[in-house]
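Under this note's numbering, the first residue of the sequence shown carries the number 489, and numbering increases by one thereafter. What follows is one structure encoded as structure tokens, with my remarks underneath.
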Amino acid sequence: MGLCLAILPSCRSTPVTIRAGLLLDGRGGQMRDALITVVKERIRAVGPWQGTPVTHDLSRFTVLPGLIDAHVHITGYFNRLGKIHTRDDGETAAQRNAGRAANALATLRAGFTTVASMGSEGDKELRNRIEKGSIPGPRILTSLAQFRDTSLSPAQLRRAVRNRKAAGADFIKVFASNAMQKGGTPVFSPEQLGALCGEARRIGLPSVVHAMSDASLRRVADAGCSTVEHGSFGTAEGLEVLADRGLFFDPQCRLVVDNYLENWSRFAGGAGFDTTTFAVLQQSRPTDPLLIRTALAVPGLRLLFGSDAVAGAHGRNADDLICRVREAGQDPMDALVTATSRNAEALGLGGEIGRIAPGYQADLIALDGNPLREIEAVLRVRLVMKGGKIVR
Ligand SMILES: [Zn+2]
489 MGLCLAILPS CRSTPVTIRA GLLLDGRGGQ MRDALITVVK ERIRAVGPWQ
539 GTPVTHDLSR FTVLPGLIDA HVHITGYFNR LGKIHTRDDG ETAAQRNAGR
589 AANALATLRA GFTTVASMGS EGDKELRNRI EKGSIPGPRI LTSLAQFRDT
639 SLSPAQLRRA VRNRKAAGAD FIKVFASNAM QKGGTPVFSP EQLGALCGEA
689 RRIGLPSVVH AMSDASLRRV ADAGCSTVEH GSFGTAEGLE VLADRGLFFD
739 PQCRLVVDNY LENWSRFAGG AGFDTTTFAV LQQSRPTDPL LIRTALAVPG
789 LRLLFGSDAV AGAHGRNADD LICRVREAGQ DPMDALVTAT SRNAEALGLG
839 GEIGRIAPGY QADLIALDGN PLREIEAVLR VRLVMKGGKI VR
């Protein structure tokens, strides 16, 4: 590559070439010994390598689009006392920033170049710090906050959706079901839910809805929402409704529950973390992969990949991909497609990220091994490029 380094401004438009031993394009396609050409932050060309010298020789690796996690809580961290951070735990701004920067770095190094954060007071600031380049981290899409207040009228909810967008939200997050401990029954009325998801659709925001039971899934589909999260008490019948209406479905396999159980003493005592919760988590541990198995058997259901990573789980997001393949029986290529192009589509970025194709953002990762043969290769991330810059 001579004297010209891609990171120098004077050489910014010099093409960077990458040779990939195996290329997975994010949509189910694959190519052996491929050449990817990157100019600035985007992919310019993809084709067979024909013996030319390259900037980065990744011929020993599998190269695929940067992974996308459709459901994280990236600002959650364990505080100076080793407990889950809460608003009133006395942490300084510097401590909060350090905790969150560590989450962002761990997530990025694990090969996740984009995440959707389900809304917290710290999301916007973290997103800005990463966008400005002050700290390394994945692209963050955020709902900023969540819709939970069932006392608002449809007109008030519509206004609130517009306000959320004006405040910088990338999508809306709605709690349409009670907590698992309360059976996951619907909370918003059909009119309220229709107002939330209808307004979001009208102004171009995805509507991501936490829903648990079949009754709740049906109501979410009727309201024209775009994505269902969890669906823990759903059955094939409820999931068929989602498939028929073209909703995305994002169930979790294992990481979130395992992480809560492993770190229980750090969460215990906080809001919603009582002995009942512990029991519910223990019960759902074996059944979560079964729900994914059920979902995979529903024709046409568009599955997403979201780990629901909270404090303690950031950077381990890919564990849930392994669970999907090993415990829920998902085809490895299909699992990788959900975590790349399918997630991008659900987040409204289907033309920007999630694929290795001309015109797309140069978000690429290199794995030591072939994840189609051995899904655990997703843990062996050897290179991460985000927007054309090597960040690992
Ligand atoms: Zn969550």
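We put the beta carbon where it would ideally sit given N, CA and C, even for glycine. This structure is a prediction, so every number in the text was calculated from the model and none was measured.
Proximity to Ile562 across Thr601, Val527 and Ala845 peaks at Thr601, based on C-alpha coordinates. Boundaries of the alpha helix (DSSP H) harbouring Gln770: Thr763 to Leu784, taken from the DSSP string. Here Pro536 is bridged, per DSSP, to Ala522.
Residue state for Ala806 is assigned as coil, using DSSP reduced to three classes.
Where Ala558 is concerned, the enclosing beta strand (DSSP E) starts and stops at Leu555 to Val560. When Cβ pairs closer than 8 angstroms are counted between the two stretches, the stretch 724-736 is seen to touch the stretch 698-712, the count reaching three or more.
Put simply, the backbone Cα of Arg584 is about 37 angstroms away from that of Glu862. Judged by pairs of C-beta atoms under 8 angstroms, the stretch 511-518 touches the stretch 822-830, as three or more such pairs exist. Using a Cβ-Cβ distance cut-off of 8 angstroms, the stretch 667-677 and the stretch 611-627 are not in contact, since fewer than three pairs of beta carbons, one from each stretch, lie closer than that value. Residues close to ligand 1 by the beta carbon criterion (under 6 angstroms to any non-hydrogen atom) are, from first to last along the chain, His559, His561, Met606 and Asp796. Close CB contacts of Ser608 within its chain, under the 6 angstroms cut and outside five residues either way in sequence, are with Thr563 (chain order). At the C-beta level, Arg652 and Leu632 come within 9 angstroms of one another.
The C-alpha of Ala731 lies about 17 angstroms from the C-alpha of Cys685. Contact check for Ile810 and Glu750: beta-carbon distance about 16 angstroms, past the 8 angstroms limit, so the pair fails to qualify.
With at least 16 other beta carbons inside 10 angstroms of its own, Asp611 counts as buried.
Spatial neighbours of Arg773 in its own chain (CB-CB distance under 7 angstroms, excluding positions within 5 residues in sequence) are listed in chain order as Val745. DSSP places Thr826 within a helical segment (H, G or I) once states are collapsed to three. Remark: C-beta atoms of Leu681 and Phe659 do not approach each other more closely than 9 angstroms. The C-beta distance from Cys713 to Asp808 rounds to 23 angstroms, too long to fall under 8 angstroms, and the pair is not in contact. Shown here for Val526: same chain residues with a beta carbon closer than 6 angstroms to its own, the five before and five after excluded, namely Val504, Ala850 and Gly876 in chain order. Looking at the DSSP output, Leu552 shares a beta bridge with Ile853. Arg617 sits in a helix when the DSSP states are folded into three classes. As summarised for the stretch 605-666, the continuous alpha helix (DSSP H) elements at least 4 residues long and confined to that stretch are 611-620 and 642-654, given in chain order. For Ala592, the closest C-alpha among the options Ala799, Glu687, Gly509 and Gly847 is that of Ala799.
When secondary structure is reduced to three states using DSSP, Asp738 falls in the strand class. Pro674 counts as buried, since at least 16 other C-beta atoms from the protein chains shown sit within 10 angstroms of its C-beta.
Excluding sequence positions up to five before and after Asp577, its CB lies within less than 6 angstroms of the CB of Asn567, all in the same chain and listed in chain order.
Within the model, the alpha-carbon separation for Ala586 versus Glu579 is close to 11 angstroms. Judged by DSSP in its simplified three-state form, Thr601 adopts strand.
Boundaries cannot be given for Gly517, as no alpha helix (DSSP H) includes it and DSSP labels it neither H nor E. Residue state for Ala699 is assigned as strand, using DSSP reduced to three classes.
The continuous beta strand (DSSP E) containing Ser720 extends over residues Thr715 to Phe721. Residue pairing by DSSP places Lys874 opposite Lys877 in a beta bridge.
Scanning its chain for C-beta atoms nearer than 7 angstroms, with the 5 sequence neighbours on each side dropped, one finds around Ala589 the residues Ile623, in chain order. In this structure, Phe737 lies away from Asp557, with their beta-carbon atoms at least 9 angstroms apart.
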